[in-house]
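Protein chains in written order, with this note's numbering: chain V, 2 to 72; chain U, 29 to 168.
If you want it as structure tokens, here you go:
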């Protein structure tokens, strides 16, 4: 499943699951947040795992201003 | 990346306390050096003792502890102005460094989870505000 993780200024994080079902997206998201917490970051979930169609506010990427980096 | 491809969206946050922890005294010292060099100091007077970093620039003495900048200076408008300028510059640079260190740690965690991670630096529209952000893409 393709996942995107946005790291924004001020410690803000947004996790997007781009494929699969809601349940699969939720499971992947919980797995990522658990891994981040296990690394010592003490990440606090500040929203429920929302379905995009519910109109939850989120970041939009401006495609013209991207710089791709390696793995 | 049209956002209507997203199935789920979840928000999370790392506290300021944790962000400040990422800024070790060694990192703070280097950030302060970089800022002072940017201000024209060829050999910045920056010292580190334990968790406290101190620096001197002209009539301004800076003390940085727990990512907070404290400036003391002689009683002159020029010194006051310089103190404000350096305090703002160092505070902003520390904030940017904390964001970068967080992104690096997130990337490492994601690599351990999913192997290959593609990294992009992007400008995002976050509720009407344009912000620089890191985006990590992976398959898990």
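Glycine included, every Cβ here is placed at the ideal spot set by N, Cα and C.
- Counting the other Cβ atoms within 10 Å of the Cβ of residue 77/U gives fewer than 16, which makes it exposed.
- Annotation for residue 100/U: the continuous beta strand (DSSP E) segment containing it runs 96-101.
- In the structure shown, residue 59/V adopts coil according to DSSP, grouped into three states.
- At a cut-off of 7 Å between beta carbons, residue 127/U contacts chain V.
- Nearest C-alpha to residue 85/U among 116/U, 55/U, 69/U, 134/U: 69/U.
- A contact is defined here as three or more CB-CB pairs under 8 Å, and the stretch 90-98 of chain U meets this definition with respect to the stretch 111-118 of chain U.
- Taking the beta carbon of residue 43/U as reference, the chain V residues within 8 Å of it are 12, 43, 45, listed in sequence order.
- For residue 133/U, the enclosing alpha helix (DSSP H) has its first and last residue at 105-142.
- Bounds of the alpha helix (DSSP H) holding residue 44/U are 44-50.
- A direct Cα-Cα distance of roughly 17 Å separates residue 47/V from residue 29/V.
- Excluding sequence positions up to five before and after residue 168/U, its CB lies within less than 6 Å of the CB of 141, 142, all in the same chain and listed in chain order.
- Across the structure, residue 22/V and residue 34/U are spaced so that their CA atoms are roughly 10 Å apart.
- Ranking 59/U, 57/U, 164/U, 159/U by CA distance to the CA of residue 132/U puts 164/U first.
- Going by C-alpha positions, residue 18/V is about 5 Å away from residue 36/U.
- Chain-ordered listing is empty here: chain V has no CB closer than 8 Å to the CB of residue 112/U, the nearest sitting near 22 Å.
- For residue 24/V, the uninterrupted alpha helix (DSSP H) run begins and ends at 23-39, by DSSP.
- Chain-order list of chain V residues neighbouring residue 160/U: 10, by C-beta distance under 8 Å.
- Around residue 165/U, the beta-carbon contacts reaching into chain V at under 9 Å are 3, 4, 5, 6, 19.
- The alpha-carbon of residue 139/U is positioned some 15 Å away from that of residue 8/V.
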